[in-house]
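For the record, in the sequence shown the residue sitting at position 157 is 151 according to this note's numbering, with numbers rising by one throughout.
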Amino acid sequence: MLKSLMANKAKEELEQEIVDKEEEKERYLAERAPPMHSVSMSLAQLTELCKELHSKIAVVDEERYDIEAKVTLNTREIKDLSIKVLDLRGKFKRPSLRRVRVSADAILRSLLGSKHKVSMDLRANLKSVKKDDTEKKRPVEDSDWRKNVEAMSGMEGRKKMFDAAKGPAQ
């Protein structure tokens, strides 16, 4: 619904923009080139009009030529500058970064300032783990590994592994 409304609004704005451009074009042409009534003009007036139009065309051509020359100059300058940038990038190697060891106290001092004397023992907040607990959780299999490889080889073994992985999740 929202998409269609936005599309309709964009379509209306596009049509309005086209109409505005046409109106501006007509206004500009009316301002720059007023309508001519060549039927009621004499031969001398027509030749004078042709000379006037020819001089206006020459002025416009000069402006167009100047603008084209500026554009080509700017594009050439842009190409030269981009080549210089690429050359500069290639000449310098980036230095390899070194690891800097900073203690937690130094970080806190830099963040809080030298006024505050804060020392945090980050290890005090850690949970202690007993080795006995970790050994109990991990069952030790004393089976022969060759039997396991033979049982899991082929498509039957893959099916067993898939079923085993699928089973506890359900």
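For every residue, glycine included, the Cβ atom is placed at its ideal position computed from N, Cα and C.
Keep in mind the model is a prediction, meaning the values are calculated, not measured.
Review point. Roughly how many angstroms lie between the CA atoms of L8 and V96, to the nearest whole one?
Key: 60 Å
Check your understanding: Could you check where the alpha helix (DSSP H) with M0 kicks off and where it finishes?
Key -> L(-4) to R26
Point to revise | Collapsed DSSP secondary structure at R70 in the structure displayed | key: helix
Point to revise | Backbone CA spacing between S90 and G107 [nearest angstrom] | key: 30 Å
Exercise for review: Flag this pair as yes or no: are the beta carbons of S49 and L40 separated by less than 8 Å?
Suggested key: no
Check your understanding: What is the DSSP secondary structure of R93, counted as helix, strand or coil?
Key -> coil
Review point. Which residues in the same chain as E20 place their Cβ atom closer than 6 Å to its Cβ, once the five residues preceding and following it in sequence are excluded?
Key: none
Exercise for review: Within the same chain, show all residues whose beta-carbon is closer than 8 Å to that of M35, passing over the 5 residues directly before and after it, in chain order.
Suggested key: L43
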